[in-house]
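**Q** Pasting in a structure now, in structure tokens, and then I'll have a few things to ask.
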Ligand code: NAD
Ligand code: TDX
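In my numbering, the protein residues as written are 901 to 1253.
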């Protein structure tokens, strides 16, 4: 099995690459990533030496490059995670999200369709998506696989569009696809622009914690390693053409999560109780801020036998321990020094090599 994983130098992608190269030594895993600000090969140092792993630097928006890569490699499967993923950035620069998330996905679908050329036996195109495509819930309700799409941010609109294109390639050309929509992930190697690693870093540095609005928005948090194990199960056992929701039934109001995080940080840094929460600063709300996400993952649990492995309190504690134990990683990422890593490891940066 030769598997292409896109976006494998990012947060979730690096956990998926690690999971597959270690668990399936007989598979060849090619990690394709253009190394945007969010891509960091330092996330994969512990597995980059393994013989079944290789890295290719390239951009999914470059159709000619993608076609060549598929022709040269004849992948059996694709797990597509490469994306622009931060909602706040999508509000500031929406076009980049259209290019990578929509056009990039269509380029991969086209390349897979051409190279597989109707011989779909044993082939699979797995698209990784988000619960944000379903929109925003009030205080009641839960997203199922049948919830109509209702995206609000440029990010979620671009992910919704990409999901529709994946289904269109299945329905129109018969491409063997599967899609999963996951809730908010947390854990090691997350870029410190997202809530949890940003706040851990700010508490470490005694900087303000910018809470959007009153902090009453609710997110449903999943340990990133549990997302990787769900992706394994869906890739191998998911039904052709189907969609699976992934989540841990773990809803937290932002302000409550931040309170728990502050308590853990006070304890770990041996600071006075309340010291971290004194950094909380309420700032202007995010434009179009979705109130609540909650995901029903019972289809995945009942049909494919997946379940999350750890409770949130335990996972958050492990997450804090990881960031405090890897402050050099945080320093590299926040200073931009990690961007030099490709040059040192692979020679000077070039696209499509
Ligand atoms: P991330 O931003 O940490 O990583 C994205 C990766 O994609 C980076 O390594 C980046 O370099 C790469 N990339 C971006 N543009 C590219 C391009 N044009 N060509 C090639 N590579 C490119 O994102 P993440 O949080 O790990 O999310 C991964 C996937 O999971 C995304 O598709 C996202 O929509 C989805 N998702 C994320 C979450 C979450 O909580 N983070 C939840 C559900 C779904
Ligand atoms: O500084 C902040 N202050 C704040 O109050 C940040 C960065 C966030 N927030 C709030 C906004 C959200 O209600 O915290 C919540 C979580 O924010 P993010 O970490 O930016 O995640 P979210 O917008 O929920 O989107 C995430 O989950 C779904 C990922 O970034 C997406 O890629 C994924 O698809």
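Beta carbons are placed, not taken as given, at the ideal position from N, Cα and C, and that holds for glycine. On a predicted model such as this, the values are computed, not experimentally measured, just so you know.
Do residue 911 and residue 1124 have their C-beta atoms closer together than 8 Å?
**A** By 1-based counting over the chain shown, the position of residue 911 is 11. By 1-based counting over the chain shown, the position of residue 1124 is 224. Closer than 8 Å, so yes.
**Q** In chain order, what residues of the same chain have a beta carbon less than 6 Å from the beta carbon of residue 931, not counting five sequence neighbours either side?
**A** As a first step, residue 931 must be located in the chain shown, where it is residue number 31. Only 905, 908, 917, 955 meet the Cβ criterion.
**Q** Indicate whether residue 873 and residue 1091 have their beta-carbon atoms separated by less than 8 Å.
**A** The structure shown does not extend to residue 873, since the chain is modelled only from 901 through 1253, so no value can be given for it.
**Q** What number of angstroms, rounded off, separates the C-alpha of residue 919 from the C-alpha of residue 1077?
**A** Position 19 of the chain shown, counted from the start, is the residue given in the question as residue 919. Position 177 of the chain shown, counted from the start, is the residue given in the question as residue 1077. If I take the Cα positions, the gap works out to 21 Å.
**Q** Cβ of residue 1080 within 8 Å of Cβ of residue 1144?
**A** Sequence index remark: in the chain shown, residue 1080 carries index 180 (1-based). Sequence index remark: in the chain shown, residue 1144 carries index 244 (1-based). Yes, the Cβ-Cβ distance between residue 1080 and residue 1144 is below 8 Å.
**Q** Give me, in chain order, the residues of the same chain whose beta-carbon lies closer than 6 Å to that of residue 1186; leave out the 5 immediate sequence neighbours on both sides.
**A** Locating residue 1186 in the chain shown gives position 286, counting from the first residue. 1112, listed in sequence order.
**Q** Roughly how many whole angstroms lie between the Cα atoms of residue 1253 and residue 1160?
**A** As a working mapping, residue 1253 is identified with position 353 in the chain shown. As a working mapping, residue 1160 is identified with position 260 in the chain shown. Because the pLDDT of residue 1253 is 34, which lies under 50, any placement of that residue in the model is unreliable, and the number read from its coordinates should be weighed accordingly. Roughly 45 Å between the two C-alpha positions.
**Q** Quick one: what's residue 1110 bridged to in DSSP?
**A** Here residue 1110 corresponds to residue number 210 of the chain shown, with the count starting at 1. DSSP, once it has assigned bridges, lists 1181 as partnering residue 1110.
**Q** CB-CB under 6 Å to residue 1162, same chain, minus the five flanking residues each way: which ones, in chain order?
**A** Taking the chain shown and counting its residues from 1, one reaches residue 1162 at position 262. Around residue 1162: 1176, 1177.
**Q** I need the boundaries of the beta strand (DSSP E) containing residue 1225, first residue and last residue.
**A** What you label residue 1225 is simply residue 325 of the chain shown in a count that begins at 1. Element bounds for residue 1225: not the beta strand (DSSP E) but the alpha helix (DSSP H), 1212-1225.
**Q** If you draw a straight line from the alpha carbon of residue 962 to that of residue 934, how long is it in whole angstroms?
**A** As a working mapping, residue 962 is identified with position 62 in the chain shown. As a working mapping, residue 934 is identified with position 34 in the chain shown. For residue 962 and residue 934, the distance between alpha carbons rounds to 10 Å.
**Q** My understanding is that residue 1043 touches residue 1121, with C-beta atoms under 8 Å, so please give their C-beta distance in whole angstroms.
**A** Within the chain shown, numbered from 1, the residue matching residue 1043 stands at position 143. Within the chain shown, numbered from 1, the residue matching residue 1121 stands at position 221. About 15 Å; that fails the 8 Å criterion.
**Q** May I ask you to check if the CB of residue 1013 is nearer than 7 Å to at least one heavy atom of the ligand TDX?
**A** Your numbering for residue 1013 matches position 113 in the chain shown. Incorrect: residue 1013 has no Cβ contact closer than 7 Å to the ligand TDX.
**Q** Cβ-heavy atom distance between residue 909 and the ligand NAD below 7 Å?
**A** Working through the chain shown from its first residue, we reach residue 909 at position 9. Yes, the beta carbon of residue 909 sits closer than 7 Å to at least one heavy atom of the ligand NAD.
**Q** Taking all protein chains shown into account, decide if residue 1183 is buried (16 or more other Cβ within 10 angstroms of its Cβ) or exposed.
**A** The count along the chain shown starts at 1 and reaches residue 1183 at position 283. Residue 1183 comes out exposed.
**Q** DSSP three-state call for residue 1069: helix, strand or coil?
**A** The residue labelled residue 1069 in the question sits at position 169 within the chain shown. Three-state result, residue 1069: helix.
**Q** Hey, residue 980 and residue 1028 are a contact pair by Cβ (cut 8 Å); roughly how many whole angstroms apart?
**A** Counted from its first residue, the chain shown places residue 980 at position 80. Counted from its first residue, the chain shown places residue 1028 at position 128. That belief holds up - the Cβ atoms of residue 980 and residue 1028 are roughly 6 Å apart, short of 8 Å.
**Q** In its own chain, which residues sit with a C-beta less than 7 Å from the C-beta of residue 925, not counting the 5 before and 5 after it?
**A** For the purposes of this step, residue 925 is taken as the residue at position 25 of the chain shown. Same-chain partners within the cutoff: 952.
**Q** For residue 1147, count the other beta carbons within 10 Å of its own beta carbon; 16 or more makes it buried, fewer makes it exposed. Which is it?
**A** Position 247 of the chain shown, counted from the first residue, corresponds to residue 1147. Residue 1147 is buried by the Cβ-count criterion.
**Q** Among residues of its own chain, excluding the 5 on either side of residue 1171, which ones have a beta-carbon nearer than 8 Å to its beta-carbon?
**A** Translated into positions along the chain shown, residue 1171 becomes position 271. Correct list, in chain order: 1165.
**Q** For the beta strand (DSSP E) that residue 931 lies in, which residues bound it at each end?
**A** The residue you call residue 931 lines up with position 31 of the chain shown. That run of the beta strand (DSSP E) goes 928-933.
**Q** Tell me the DSSP bridge mates of residue 1132?
**A** Stepping through the chain shown from its first residue, residue 1132 is reached at position 232. DSSP lists no partner for residue 1132.
**Q** Can residue 1059 be considered in contact with the ligand NAD, in the sense that its beta carbon sits closer than 7 Å to one or more heavy atoms?
**A** Stepping through the chain shown from its first residue, residue 1059 is reached at position 159. Yes.
**Q** What are the complete beta strand (DSSP E) segments, minimum 3 residues, inside the segment 992-1040?
**A** Fully enclosed beta strand (DSSP E) runs of 3 or longer: 1024-1030.
**Q** Per DSSP, which residues does residue 1144 bridge with? Please list them.
**A** On the chain shown, residue 1144 is found 244 positions in, with the first residue counted as 1. DSSP lists 1080 as partners of residue 1144.
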